[in-house]
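Residues in the sequence shown are numbered consecutively from 8, following the numbering used here. Presented below is the structure to which this report refers.
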Amino acid sequence: MSDTTVGLQVNNRNARSQVPMKVAAASKILSGTFTVVNKATGGLEVYKTSTLTNRYYAGFAAESVDNSAGLIGEKLAAVFVDGEFECAFSGTFTQASVGLPAYANDNHTCLAGAYSTNRLRAGTVSQYISSTLGMVRIDNHTLTGATI
Numbered sequence: 008m009s010d011t012t013v014g015l016q017v018n019n020r021n022a023r024s025q026v027p028m029k030v031a032a033a034s035k036i037l038s039g040t041f042t043v044v045n046k047a048t049g050g051l052e053v054y055k056t057s058t059l060t061n062r063y064y065a066g067f068a069a070e071s072v073d074n075s076a077g078l079i080g081e082k083l084a085a086v087f088v089d090g091e092f093e094c095a096f097s098g099t100f101t102q103a104s105v106g107l108p109a110y111a112n113d114n115h116t117c118l119a120g121a122y123s124t125n126r127l128r129a130g131t132v133s134q135y136i137s138s139t140l141g142m143v144r145i146d147n148h149t150l151t152g153a154t155i
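Given below as structure tokens:
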């Protein structure tokens with residue numbers, strides 16, 4: 008799969024906490040995507056496997072915000088930092104995947120139990136729905152400040 012370029016409506020449950028975060032300069036946040044914070048600037052960005060140096064996982068974008076013509080912090084984006092989110096899965100995904108770590112494969116899909124360079128841990132697989140769809144619990148994985 009590849010990065011989405013449009014906001015997504017994503018099913019969720021138990022998503023209680025949204026944190027407003029400063030959108031990075033010249034950036035666009037897309038609803039339903041994984042987000043990271045640039046540790047050097049403090050700006051929120053959409054997760055990209057190609058640019059993870061000095062970033063940490065923020066959470067799941069609750070809304071789309073276009074700051075492509077603005078400076079850092081000119082706009083804020085709400086980010087879910089807890090709850091469970093429906094996620095498309097690539098690779099092998101079975102009922103046995105429940106409880107395994109879920110890693111972001113791109114800005115909106117996951118890999119279960121697989122880790123490689125330039126992947127952030129998005130959460131833990133909490134439910135198997137089908138061979139390509141599951142729920143990911145993001146509690147305790149967001150805003151840790153751990154560099155990817």
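Each residue gets a CB set at the ideal place from its N, CA and C atoms; glycine is no exception.
Checking the DSSP bridge columns, you'll see A119 partnered with A109. In this structure, Y110 sits away from L83, with a CB-CB distance that is not shorter than 9 Å. Between L150 and Y54, the CB-CB gap reaches or exceeds 9 Å.
Around the CB of I145, 16 or more other CB atoms lie within 10 Å, so the residue is classed as buried.
Boundaries of the beta strand (DSSP E) around T42: 41 to 45. DSSP places A103 in the helix class (H, G or I) of the three-state scheme. Rounded to the nearest whole angstrom, the CA to CA distance from F92 to F41 is 11 Å.
If you compare the alpha carbons of F87, F100, T116 with that of V26, the shortest gap goes to F87.
Just so you know, the alpha carbons of K46 and S24 end up roughly 22 Å apart.
Between the C-alpha atoms of E81 and E52 there is a straight-line separation of about 14 Å. Per DSSP, the beta bridge partners of N74 are S34.
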